[in-house]
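Numbering (my numbering), first residue to last: 130 to 414.
See the structure below:
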């Protein structure tokens, strides 16, 4: 028994403890890095989102301001319905706020004392070709129609031009002169209401006259162009032509002077009553 060998045991110390700690540190560092990267991406996205939101807010604000300005523009606010529809009739005191521009037909308003002479800017022989250049006698002396209107500053301006000239001027030329005059009035009197009066019809006898015959078909064509011009320029158009026509589409002989074009006094009353019951800023019926 004494001869048995003694067994020797060698104990090797395990190194797994430090290895685990090393791996834990690596994982922890990676976790920190990933977290930091995610946080950076999140913050960057948030800032971009805020910038975009702010930009959208500013853009929306600018658009709103632009729309507000557009909504407040005079052309937007002022609603134009042409021909001016029937409205509650005003009294004759309304004419004290008006100026009437025209030719010899318009002169009759003051000749018959239906409108104060100071409110009439018209002259015998005046026509659309001369309206921008010729002078007339006004309450301010001898001036162009435009200069007189600029000094008077009427609330409402009624223009009836074309009867004197329809026999020899082309419709296109007349509209061109008319448009130039209206533009000047609008520019110099932006607060005035501008009304275009259609020119009146003529009698059957005037249509067949040997000297300077005038056709109602030509008048209708011209008035149609006046209506288009009024719509384009956003001013008012009053259709007195229809109000003065008879059932046959012509100017009744009993309402006309001998030349088949100018008015009798009673005809002026018909025209003025029509104007009083067709005003743009009064309640429509």
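The beta-carbon is built from N, C-alpha and C at its ideal position, and this holds for glycine as well.
- When secondary structure is reduced to three states using DSSP, residue 289 falls in the strand class.
- The continuous alpha helix (DSSP H) containing residue 369 extends over residues 369-373.
- With contacts defined by Cβ atoms closer than 8 Å, residue 257 and residue 287 do not form a contacting pair.
- Between residue 318 and residue 281, the alpha-carbon positions lie close to 10 Å from each other.
- DSSP places residue 409 outside both helix and strand once states are collapsed to three, so it counts as coil.
- In chain order, 394 and 397 place their CB closer than 8 Å to the CB of residue 241, counting only its own chain and leaving out the 5 sequence neighbours on each side.
- Assignment of beta strand (DSSP E) within the segment 315-374, counting only whole runs of 3 or more residues, yields 322-326 and 365-367 in chain order.
- Contact between residue 380 and residue 331 holds: their C-beta atoms lie close to 5 Å from each other, under 8 Å.
- The count of Cβ pairs closer than 8 Å, one atom from the segment 398-411 and one from the segment 367-380, reaches three, so the stretches are in contact.
- The C-alpha of residue 220 is placed about 14 Å away from the C-alpha of residue 412.
- In terms of CA proximity to residue 378, 349 leads the group 161, 349, 213 and 273.
- Assignment of beta-bridge partners to residue 251 by DSSP yields 231.
- Taking a C-beta distance under 8 Å as the contact criterion, residue 285 and residue 232 do not qualify as a contact pair.
- Where residue 270 is concerned, the enclosing beta strand (DSSP E) starts and stops at 270-273.
- When DSSP reads this structure, residue 267 sits in a beta bridge with 270.
- Using a Cβ distance threshold of 8 Å, residue 296 and residue 343 count as a contacting pair.
- The shortest C-alpha to C-alpha distance from residue 236 to any of 225, 212, 267 and 208 is the one to 267.
- Separation of residue 271 and residue 300 (C-alpha to C-alpha, rounded to the nearest whole angstrom) is 29 Å.
- DSSP lists 392 as the bridge partner or partners of residue 385.
- Taking all protein chains shown into account, residue 225 has fewer than 16 neighbouring C-beta atoms within 10 Å of its C-beta and is therefore exposed.
- Around the beta-carbon of residue 345, 16 or more other beta-carbon atoms lie within 10 Å, marking it buried.
- When DSSP states are grouped into helix, strand and coil, residue 299 belongs to the coil group.
- Here the C-alpha atom of residue 339 lies approximately 20 Å from the C-alpha atom of residue 291.
- With fewer than 16 other beta carbons inside 10 angstroms of its own, residue 214 counts as exposed.
- In this structure, the beta-carbon distance from residue 211 to residue 356 falls below 8 Å.
- The beta carbons of residue 322 and residue 410 sit about 7 Å from each other, so the pair counts as a contact at 8 Å.
- Pairing residue 324 with residue 278 gives a Cβ-Cβ distance that is not under 8 Å.
- Leaving aside the five residues that flank residue 209 on each side, the residues in its chain whose CB is nearer than 6 Å to its CB run, in chain order, 363.
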